[in-house]
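Visitor:
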Amino acid sequence: MHHTKYLIIGSSHAGLAALDAIRLQDKEGSLTLVTQESCLPYSPTILPYVLSGQAQPDKVFLRDQQSLDGLSVAFKPGAKVVAVDEKSRQVTLQSGEKIEYEKLLLATGAAPKRPPVEGLEAVPHHVLRTLEDALNLRSGIRKDGTAVVLGAGLIGLHAAENLAKGGMKVVVVEALSQVLPGYFDEEASRMIHRAFSDNGVKILLNEKVSRARRTEGNTTLTLATGESLSAGLLVVAAGVQPRVEVLEGSGVEVDQGILVDERMRTNVSGIWAAGDVAQARGFFESSKILNATLPNAVEQGRIAGMDMVDDPALKEYPGAVGMNTYKFFGHRAFSVGMIRAEEGCEVEKLVVPESFKYQKLVFKEDQLVGASGINSDLDPGIMVQLIRRKAYLGDMKARFCASPVDISRVMMTSIWR
Amino acid sequence: MGTGYNTIAFYQDKCDGCGDCVPACSKHHTGATDPAHSRIKVAKDAEQQSFGIALCRQCGQPQCVMNCPSGALSKDLSTGIVKWDKDKCVNCQLCTLACPYGGVTYNGKTDQVMKCNFCDGDPACVKACPRGALELKQVASIFNAWGDLEDLVVPGLSACLGCNSEMLLRHTLRRIGSNVVVATPPGCIAGVGSVGFNAKTGLKTPVFHPLLTNTAAMLAGARRYYKRIGRDVTMLAMAGDGGTADVGFQSLSGAAERGEQMIYICVDNEGYMNTGVQRSSTTPYGAWTSTTPVGSVLRGKTRDAKPMPLLMVMHNCEYVATASTAFMEDYYGKLGKAIEAAKKGMAYIHVFSPCPTGWRFPTGKLIEVAKKAVQTNIVPLWEYEYKEGRIRFTHPVDNPLPVQAYLSLIGKYKHLDDKQIAFIQEQTNRKIGVLKNFV
Numbered sequence: 046m047h048h049t050k051y052l053i054i055g056s057s058h059a060g061l062a063a064l065d066a067i068r069l070q071d072k073e074g075s076l077t078l079v080t081q082e083s084c085l086p087y088s089p090t091i092l093p094y095v096l097s098g099q100a101q102p103d104k105v106f107l108r109d110q111q112s113l114d115g116l117s118v119a120f121k122p123g124a125k126v127v128a129v130d131e132k133s134r135q136v137t138l139q140s141g142e143k144i145e146y147e148k149l150l151l152a153t154g155a156a157p158k159r160p161p162v163e164g165l166e167a168v169p170h171h172v173l174r175t176l177e178d179a180l181n182l183r184s185g186i187r188k189d190g191t192a193v194v195l196g197a198g199l200i201g202l203h204a205a206e207n208l209a210k211g212g213m214k215v216v217v218v219e220a221l222s223q224v225l226p227g228y229f230d231e232e233a234s235r236m237i238h239r240a241f242s243d244n245g246v247k248i249l250l251n252e253k254v255s256r257a258r259r260t261e262g263n264t265t266l267t268l269a270t271g272e273s274l275s276a277g278l279l280v281v282a283a284g285v286q287p288r289v290e291v292l293e294g295s296g297v298e299v300d301q302g303i304l305v306d307e308r309m310r311t312n313v314s315g316i317w318a319a320g321d322v323a324q325a326r327g328f329f330e331s332s333k334i335l336n337a338t339l340p341n342a343v344e345q346g347r348i349a350g351m352d353m354v355d356d357p358a359l360k361e362y363p364g365a366v367g368m369n370t371y372k373f374f375g376h377r378a379f380s381v382g383m384i385r386a387e388e389g390c391e392v393e394k395l396v397v398p399e400s401f402k403y404q405k406l407v408f409k410e411d412q413l414v415g416a417s418g419i420n421s422d423l424d425p426g427i428m429v430q431l432i433r434r435k436a437y438l439g440d441m442k443a444r445f446c447a448s449p450v451d452i453s454r455v456m457m458t459s460i461w462r
Numbered sequence: 050m051g052t053g054y055n056t057i058a059f060y061q062d063k064c065d066g067c068g069d070c071v072p073a074c075s076k077h078h079t080g081a082t083d084p085a086h087s088r089i090k091v092a093k094d095a096e097q098q099s100f101g102i103a104l105c106r107q108c109g110q111p112q113c114v115m116n117c118p119s120g121a122l123s124k125d126l127s128t129g130i131v132k133w134d135k136d137k138c139v140n141c142q143l144c145t146l147a148c149p150y151g152g153v154t155y156n157g158k159t160d161q162v163m164k165c166n167f168c169d170g171d172p173a174c175v176k177a178c179p180r181g182a183l184e185l186k187q188v189a190s191i192f193n194a195w196g197d198l199e200d201l202v203v204p205g206l207s208a209c210l211g212c213n214s215e216m217l218l219r220h221t222l223r224r225i226g227s228n229v230v231v232a233t234p235p236g237c238i239a240g241v242g243s244v245g246f247n248a249k250t251g252l253k254t255p256v257f258h259p260l261l262t263n264t265a266a267m268l269a270g271a272r273r274y275y276k277r278i279g280r281d282v283t284m285l286a287m288a289g290d291g292g293t294a295d296v297g298f299q300s301l302s303g304a305a306e307r308g309e310q311m312i313y314i315c316v317d318n319e320g321y322m323n324t325g326v327q328r329s330s331t332t333p334y335g336a337w338t339s340t341t342p343v344g345s346v347l348r349g350k351t352r353d354a355k356p357m358p359l360l361m362v363m364h365n366c367e368y369v370a371t372a373s374t375a376f377m378e379d380y381y382g383k384l385g386k387a388i389e390a391a392k393k394g395m396a397y398i399h400v401f402s403p404c405p406t407g408w409r410f411p412t413g414k415l416i417e418v419a420k421k422a423v424q425t426n427i428v429p430l431w432e433y434e435y436k437e438g439r440i441r442f443t444h445p446v447d448n449p450l451p452v453q454a455y456l457s458l459i460g461k462y463k464h465l466d467d468k469q470i471a472f473i474q475e476q477t478n479r480k481i482g483v484l485k486n487f488v
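And the structure:
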C-alpha cells in the first residue's frame, strides 16, 4: 500500500498553497497530491478565460511536472477519492487503490449546483467548473445562436459575456433582484446590468425557471411567471456546493461544507480541510460560513499546510472576508468586505456616470469595513488590509474620504510596509 | 536555507514627495515620462506632509503569485524578481486584490496590470531619488554567502530582550566556523549562555570561561599548545568592555605586545551591564550608570571613554577594526580579514554593542541606535592593517547627523543639558579629527 506522510486531495489553489507551506518546513516528508482531474493543476478561475480564448488550454497550468518533481511531490492525476477511513488513516481511490496517510488535507473544492428545475437533468446543459466543461462550452458557441444562462453570479455573467462576444444572443435569468448580489449593492449592480444591456445581453431579474424540456433541437424553459424562453444552448451557473460526498460514513463533521476551526482542522485528528469545501469562521459573522473564492482558498490552504507541518509562524485564520475582482466589457470592478451599510455604518460614495465610475466605502465607527468600486483607482489589496487589520482611522477619516487612494497608500507605508 | 534577494528600501522620513522616481520609472519602461506607466506611485498626505509609496516588494512568498489563476506571475528564484508574463495574463485583476502593498497596479493606457521588474537589477527610481529615500539594499548577499553555514550557537539563550550579543555571537561564529576555541570571560557573552547551563555548553564549539583578568593569556597558551601538536586552530575571545579595557587589559596588552595569534573581539556595551550597570573605562562622557548617577552635583560620567581601538593600533597589532551590528556586511568583511591576520598575530575588533536594558531604550530600537551612532560619527567605522600602517574608514560619514540624533534615543543620556550636548559634539568632532590624522 502506498504510504505518505502528507496526503492532499485536490490540486487547485488550496491544495497548492498547503503544499508550498509544508515544503517550506519539511523538505523530505513524503507528500502525495491527488486530483480527480486528468491533467496538471489549474485554477477553476481561469475557465471563463479559456472560454473566451484569452487563455490557451495547454498553458493554464499552475505547476509543471518538473516543479512538482523538484518539490518531491508524488502527483497522481485522474485519481478520484471515493472513501476516507479516519480510523485506519486510509483513503480509497475509485480504482480500488488505497493510500495510507499520516496527515490528510481535503481540498476537494466545490461542484456546480443544479437549481430545482423540473426536467433539467434530461436536457443538455453546460456548467463551467472544469477545463473539460470550458472546452465543451467553447465548442458550443454558434454565431447567431441563442443561449440562456441560469444565474447572474460571476460565473454566469462571465459565461454570458463570452457567449455574447462569440456572436450569440444571450438571456440571463436571475432569481434575485440584482446581478452579483454577493459583491455589489443595487446601484453598482444596475451599472453592471446596464453594461450587459448595452452589449445586447438581456438579464431577467426576479425570475425563476420552473421547467426545462427539449423541443426541436432547442431547450425551452418555462419561467415561474408562465412565459417561456427557447435557446440552443443552456448554461447552468447557479452557484457551487462543497464536494463532501467522499466523507459519507466517516466521522468528519459536515454542515454545508466541512466544518473547520481557525487552523483548518476538522473534528477528526489528522484531517484538515481548506478552500471551497471548507466551512470556517467569517470575519464579520460569528457563525461558520462558506466562501468559495480564490483568495480564500489560498489563505486557508496556507494555514492548513502550516498547521500540518507545525510551523511556529502560523497565525490563526481571522475569518473569511468576501472579496473578488471582476472584469466585464472593458470595465473593472472589485469588492471587499461589507457591501451594504448595516446599522451604525457610514457610507462614502462617489459616482461619476460619464466615466462609468463608482466607488463606495463603508465605515463602522473609525474603521473601514467595506470597499467596492467600478473603474475605481483604489488599490483593492490595500483595502483588504485596512479592513482585516481593523486599521484605526480616527481623525484621518475625513482626509481618507477626500482622497482615499493617497491616504490608504500612506497608511500602508506607515503601518505594514 | 533559502536565498536572500536585493530589495528597494523606502525611508518615509527622507521622502519629500518630489515624485522624481515616477517619470524615471516610466521612462525606463516605455521611453516616455507619462506617469500612467510608472510602476512606482507616490502618495501624499498633504495635511501631515507625510508620503508613501506603492511599489512591488518582490516578496519572498508573493501573494500575487499565489492568487494568480493563469500562472502569469511567478517568482524567479535566481533573481528574486516577481515576474509578470503578459502573454499568460488574462487581466482578471486578482493580483491587485492579493497584494497588500499596491505593488501590482492597473494601467489605464494599456488596459493591463503592471509591476516593478527591478530594471534588471539597477532600479531607475533609486537613481532618480535626490534625497536617498529609495535605496537598493543588497544585504541579502550576506545571507546568501553565509546563510547555509551552521549556526554554532544553541537555540536557547538567556539574553535580555533586544540584546545585541546573541546576534553578534551567532554571526561571528558562523563566519569563523567550528575550527575554533572560544574564550568568553565573565560578562554578557558568558551571561547570555555561551558557557551554558547544567554542565552543557551553549556553543557547538569548544568554549571556556577564563577569569576576567586572563582571557588573552589563556588563549595565547592554548594557541601555542595547538601549534605544538601541529594544528592550526583559531583562538577567539569574545569579551566585554570591562574584561577588555579594565580588568583584562594587562593580559590583553601583554598578548598584543608579544604578537600572540588570536582574534580578540571586544563587545563594548559601555559598562558592566550584567552586574547592575556600573561604569567602565569605556563608558562615554555624560552617560548615566549606577555608579555615575544623575543628581544635584553629578550629571553622569565626568570623563570620556578610553580609546581602546586606537590603543590597540599603538600595540602594533596585525589588524584592528571597529564594527557595528547595524552594518553587517562591513562586519563580515572585517571578520574575514581578522581570520587571516590571526594566523600572524593579534587581530582586534571593537564592536559597538548598544544595550537596551542598561542604556534604557526600547528593545525594538537596537539597530536604530547602532545605526545612528555611526551616522553621527559617535562610532566611526574603520580598520587598520599593520602592513599598511594607516587607518581606512570603511563607512565614511560625510555629512554626520548632530549627536543629539543619537543621544535623544537613549535613556542614559536623557538628563543631558545643552552644554553637555555641545561638549559631546565638540569631542566627537575632535576624535574624528584625530582619527583622520592616521589616514
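Protein sequence lines correspond, in order, to chains Y and D.
One rule links them: number in our numbering = place in the first sequence (from 1) + 45.
One rule links them: number in our numbering = place in the second sequence (from 1) + 49.
Beta carbons: idealized from backbone N, C-alpha and C, even for Gly.
Just so you know, these numbers come straight off a predicted model, no measurement behind them.
1. Measure the CB-CB distance between D:Gly101 and Y:Met456 and report whether it falls below 9 Å.
2. Could you spell out where the beta strand (DSSP E) holding Y:Ser57 opens and where it closes?
3. DSSP state of D:Val346, grouped into three classes?
4. Decide yes or no for the touch test of the segment 393-408 of chain D against the segment 418-430 of chain D: beta carbon pairs closer than 8 Å, at least 3 of them.
5. With distances taken Cα to Cα, identify the nearest neighbour of D:Val230 among D:Gly289, D:Met267 and D:Leu217.
6. Does any residue of chain Y bring its CB to less than 9 Å from the CB of D:Arg491?
7. Hey, does Y:Met236 have any beta-carbon neighbour from chain D nearer than 9 Å?
8. For the beta strand (DSSP E) holding D:Arg441, just list the boundary residues, first then last.
9. Out of D:Met361, D:Met115 and D:Leu456, point me to the one whose CA is closest to D:Ile473's CA.
10. Taking only the alpha-carbon atoms, compute the straight-line gap between Y:Glu393 and Y:Ala386 and give it to the nearest angstrom.
11. Just grab the DSSP bridge partners of Y:Asn369 for me.
12. Could I get the ranges of all uninterrupted beta strand (DSSP E) runs contained in the segment 321-401 of chain D, with 3 residues as the minimum, in chain order?
13. Between which residues of its own chain and D:Gln142 is the CB-CB distance below 8 Å, once the five residues before and five after are set aside?
14. Can you find a C-beta in chain D that's less than 9 Å from the C-beta of Y:Gly426?
15. Does DSSP put Y:Phe401 in a helix, in a strand, or in coil?
16. In three-state terms, what does DSSP make of D:Val452?
17. Per the DSSP calculation, Y:Lys394 is bridged to which residue(s)?
18. Give the range of the alpha helix (DSSP H) segment to which D:Leu415 is assigned.
19. Would you please verify whether the beta carbon of Y:Ile91 is less than 9 Å from any beta carbon of chain D?
20. Indicate whether at least one CB of chain Y lies closer than 9 Å to the CB of D:Asn116.
21. Between which two residues does the alpha helix (DSSP H) carrying D:Arg307 extend?
22. Specify whether the segment 300-319 of chain Y and the segment 176-183 of chain Y touch according to this definition: at least 3 beta carbon pairs, one from each stretch, less than 8 Å apart.
23. Use the C-beta contact count for Y:Val193: other C-beta atoms within 10 angstroms, 16 or more gives buried, fewer gives exposed.
24. Tell me, please, which residues DSSP counts as bridged to Y:Arg326.
25. Do we get a CB-CB distance below 9 Å when we pair Y:Ala62 with the residues of chain D?
26. In three-state DSSP terms, what is Y:Val127?
27. Identify the contact partners of D:Gln61 in chain Y, using a Cβ-Cβ distance below 9 Å as the criterion.
28. Residues bridged to D:Gln142 by DSSP?
29. Which stretch, first to last residue, makes up the alpha helix (DSSP H) that contains D:Cys174?
30. At 4 residues or longer, and completely inside the segment 76-123 of chain D: list those alpha helix (DSSP H) runs for me, N to C.
31. Could you give the DSSP three-state label for Y:His47: helix, strand or coil?
32. So which residues of chain Y does D:Gly53 contact, with C-beta pairs closer than 9 Å?
33. Alpha carbon to alpha carbon, how far is Y:His203 from Y:Phe373? Give it in angstroms, no decimals.
34. Classify Y:Phe408: buried if its beta carbon has 16 or more other beta carbons within 10 angstroms, exposed otherwise.
35. With 16 as the cutoff for other CB atoms within 10 Å, does Y:Ile357 come out buried or exposed?
36. Considering Cα atoms alone, identify which of D:Cys113, D:Glu432 and D:Met311 is closest to D:Pro445.
Guide: With the structure as the only source:
1. Contact: yes.
2. Here Y:Ser57 belongs to no beta strand (DSSP E), and DSSP marks it neither H nor E.
3. D:Val346: coil per DSSP, three-state reduction.
4. When Cβ pairs closer than 8 Å are counted between the two stretches, the segment 393-408 of chain D is seen to touch the segment 418-430 of chain D, the count reaching three or more.
5. Closest by alpha carbon: D:Met267.
6. With chain D represented from 50 up to 488, any question about residue 491 of chain D goes unanswered, as that position is not in the structure.
7. Closer than 9 Å: no.
8. Counting along the chain, D:Arg441 sits inside the beta strand (DSSP E) bounded by residues Arg439 to Phe442.
9. Ranked by how close their Cα comes to the Cα of D:Ile473, the residues D:Met361, D:Met115 and D:Leu456 have D:Leu456 in first place.
10. Computed Cα separation, rounded: 10 Å.
11. Bridge partners of Y:Asn369: Y:Ser380.
12. List check, beta strand (DSSP E) in window: 368-373 and 395-401.
13. Residues Tyr155 and Val162 of the same chain have their beta carbon placed closer than 8 Å to that of D:Gln142, with the five preceding and five following residues left out of the count.
14. For Y:Gly426, a Cβ of chain D is located within less than 9 Å of the residue's own Cβ.
15. In this structure, Y:Phe401 counts as coil in the three-state DSSP scheme.
16. Three-state DSSP puts D:Val452 in coil, outside helix and strand.
17. Y:Lys405.
18. Annotation for D:Leu415: the continuous alpha helix (DSSP H) segment containing it runs Leu415 to Gln424.
19. So, interface residue.
20. Closer than 9 Å: yes.
21. Segment Phe298 to Arg307, the alpha helix (DSSP H) holding D:Arg307.
22. Taking a cut-off of 8 Å for Cβ pairs, the segment 300-319 of chain Y and the segment 176-183 of chain Y do not touch, as fewer than three such pairs fall below it.
23. The Cβ neighbour count for Y:Val193, taken over all protein chains shown within 10 Å, is at least 16; the residue is labelled buried.
24. Answer is Y:Lys333.
25. Y:Ala62 counts as touching chain D.
26. Y:Val127 carries a strand assignment under DSSP once its states are collapsed to helix, strand and coil.
27. Per Cβ cutoff of 9 Å: Val455, Thr458, Ser459 and Arg462.
28. Looking at the DSSP assignment, D:Gln142 forms no beta bridge with any residue, so it has no partner.
29. Unbroken alpha helix (DSSP H) run through D:Cys174: Ala173 to Ala177.
30. You should have 112-115.
31. Three-state DSSP puts Y:His47 in a strand.
32. Result: empty, since nearest Cβ-Cβ is about 15 Å, beyond 9 Å.
33. Those two C-alpha atoms are separated by around 8 Å.
34. Buried is the call here.
35. The sequence shown places Pro at residue 357 of chain Y, not Ile. Exposed.
36. If we check each option's Cα against that of D:Pro445, D:Glu432 comes out closest.
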